[in-house]
Amino acid sequence: MNQINLPEKICAVIRRLADRGYHGYAVGGCVRDMLMGKEPHDFDITTDAFPSETSESFPDCPIILTGLKHGTVTVVYEGENIEITTFRTDGEYLDNRHPESVTFVRNIVEDLSRRDFTVNAMAYNPEEGLVDLFKGKDDIARKIIRCVGDADTRFNEDGLRILRAMRFASVLGFKVEEKTAESVVKNKKLLKNISVERIYSEFTKLISGDNAVSILKQFYEVLSELFGEIPAENIECLDYCPKEHTVRYAALFAHMGEETAGKTIRALKTDNDTCRLVKKLVGSLAWEMPKFGSERFEKEVAHLLAENSFDDFAKIISLRRAFEELRGEPADNSEKLLETAKKLVEGKACLSIKSLDVSGKELAKAGIPQSAEMGRILKELMRLVIEGEVENRCDALIERAKIL
Ligand code: ATP
Ligand code: MG
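For the sequence shown, numbering that gives the first Met the number 0 assigns the number 403 to the last residue and increments by one with no breaks.
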């Protein structure tokens, strides 16, 4: 098993707490990742100091108190934000998602006991070494996700843990331990009580994991609880998709068609760009694509690039390719589409209204009416430039606009 070497700043923060008579530990994901030999993306610290005591221990550092409700104080230590959270227990859960109260405690046992899985419930500090009350280290060695304590109880406290079990198994490449797995399926209905924002955040990580296909198949009942029936092919397609969440959502929702896929992703209350793209990607599966070898191939690719940014187009192609590869169909045409699009963009071809050598203002000055018509005229000029029917030169464009 790998050594734990905490970064110097984290050690310094833990030492400072110790100087003041408190105990501080690195905890949760960072301990798990270090034991697995992976670079943690952040380090959480847990301590028996109450929030005010933590703040007072760092009189020389800026303090951010946004997480105070949960006992978290962010100390800006030598320019780095370090979250320090007081040991706590969660009160009773009455709605399968929020503890009724959070109580600060002085005992690390209680804090580790409230955590979801054994691999996430370890703490470490250089003085005491690893605090591993639930055999998390063994479960890492055996590649197992197991609830801390009784799985049914833990999922009933917080239904999101159902998806978190699947997420960690998918991302870490672990198996869900048998009892935990049974309980995941048995309690799937609890997800109804969880906010869509929390579901989106976990589910997005789940589908981007290396093990996503096998986990989604194993826990198909949970998947269909969330999104209805999904064809096996869509799930299997994930293995051929890039690790990009919009492409992966589109692969899963491919059977829905553009409108329903758009509604389904929007219901998760995610950002507009994700919604727009997932909808477009699903819609694009029904597009008739230009065929390489045809005389108009390059022009048609240029028209597509006038309608879609290169980034969107590249994603459209990657989704297509994923289904082609999955089905064992030739992917040459998709490759040519992307290659040609790259060439056009690199060759600075005129592919957007912005790169026309004339603006709406200039057209208006030349006597073309300023109205809704203008948009249509610019679009038509764009089309004509791509077709090679008019040169991308201001005077030529104005002349042509007059007869549109
Ligand atoms: P990641 O590397 O994805 O950030 P992580 O383990 O740090 O993984 P977080 O969601 O950031 O996961 O949570 C931090 C820690 O808080 C977890 O390791 C776990 O100990 C605890 N935790 C988070 N969410 C829950 C929950 N819903 N129930 C119980 N414990 C939780
Ligand atoms: Mg984390």
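All residues carry an ideal CB built from backbone N, CA and C; glycine is no exception. Quick caveat: nothing in here was measured; it's all calculated off a predicted structure.
Top-ranked residue by Cα proximity to residue i, from the options
{"i": "Ile234", "options": "Ile214, Phe291, Ala150 and Glu338", "result": "Ile214"}
{"i": "Phe226", "options": "Leu267, Glu324 and Val212", "result": "Leu267"}
{"i": "Ala231", "options": "His244, Pro241 and Ala211", "result": "Ala211"}
{"i": "Lys298", "options": "Thr339, Trp286, Ala260 and Lys136", "result": "Thr339"}
{"i": "Leu127", "options": "Met288, Glu287, Gly23 and Val118", "result": "Note that residue 127 is Glu in the sequence shown, not Leu. Here the closest residue by C-alpha is Gly23."}
{"i": "Lys341", "options": "Ile316, Pro98 and Pro125", "result": "Ile316"}
{"i": "Asp356", "options": "Lys187, Glu228, Glu390 and Gly346", "result": "Glu390"}
{"i": "Lys204", "options": "Ala400, Ala253, Met35 and Arg166", "result": "Arg166"}
{"i": "Ala48", "options": "Tyr21, Gly327, Ala285 and Gly28", "result": "Tyr21"}
{"i": "Glu386", "options": "Leu189, Ala348 and Trp286", "result": "Ala348"}
Spatial neighbours of residue i in its chain, beta-carbon cut-off 6 Å, leaving aside the 5 residues before and after
{"i": "Phe291", "result": "Asn332 and Lys335"}
{"i": "Cys60", "result": "Val74, Val75 and Tyr76"}
beta-carbon residue i near the ligand ATP non-hydrogen atom, thresh 8 Å
{"i": "Gly208", "result": "no"}
{"i": "Lys204", "result": "yes"}
{"i": "Arg382", "result": "no"}
{"i": "Asp115", "result": "yes"}
{"i": "Ala120", "result": "yes"}
{"i": "Leu350", "result": "no"}
{"i": "Arg163", "result": "yes"}
{"i": "Val344", "result": "no"}
{"i": "Leu406", "result": "What the structure shows of the chain is the stretch from 0 to 403, and residue 406 is not part of that stretch, so it cannot be assessed."}
{"i": "Asp151", "result": "no"}
{"i": "Val170", "result": "yes"}
{"i": "Leu159", "result": "yes"}
Within 9 Å, strictly: CB atoms of residue i and residue j
{"i": "Leu111", "j": "Val12", "result": "no"}
{"i": "Phe86", "j": "Ile107", "result": "yes"}
{"i": "Ile376", "j": "Leu403", "result": "yes"}
{"i": "Ala321", "j": "Val246", "result": "yes"}
{"i": "Val184", "j": "Phe218", "result": "yes"}
{"i": "Val118", "j": "Asp138", "result": "yes"}
{"i": "Ser207", "j": "His244", "result": "yes"}
Any non-hydrogen atom of the ligand MG within 8 Å of residue i CB
{"i": "His22", "result": "no"}
{"i": "Asp41", "result": "yes"}
{"i": "Gly27", "result": "yes"}
Close-in-space but distant-in-sequence residues of the same chain around residue i (CB under 8 Å, 5 per side omitted)
{"i": "Ile62", "result": "Ser54, Val72, Thr73, Val74 and Val75"}
{"i": "Val195", "result": "Ala266, Leu267 and Lys268"}
{"i": "His69", "result": "Thr84, Arg87 and Val101"}
{"i": "Leu343", "result": "Glu297, Val300, Ala301, Leu304 and Leu350"}
{"i": "Arg295", "result": "Pro289"}
{"i": "Pro329", "result": "Glu323"}
{"i": "Glu38", "result": "Asp32"}
Proximal residues to residue i (C-beta, below 7 Å), its chain only, five neighbours per side dropped
{"i": "Lys279", "result": "Asp311"}
{"i": "Asp94", "result": "Asn192"}
Strand pairing of residue i, partner residues [DSSP]
{"i": "Asn124", "result": "Gly128"}
{"i": "Pro98", "result": "Tyr92"}
{"i": "Asp43", "result": "Val26 and Glu82"}
{"i": "Val72", "result": "Ile83"}
{"i": "Cys146", "result": "Phe116"}
{"i": "Ile315", "result": "In the DSSP output, where bridge partners are listed per residue, Ile315 has none listed."}
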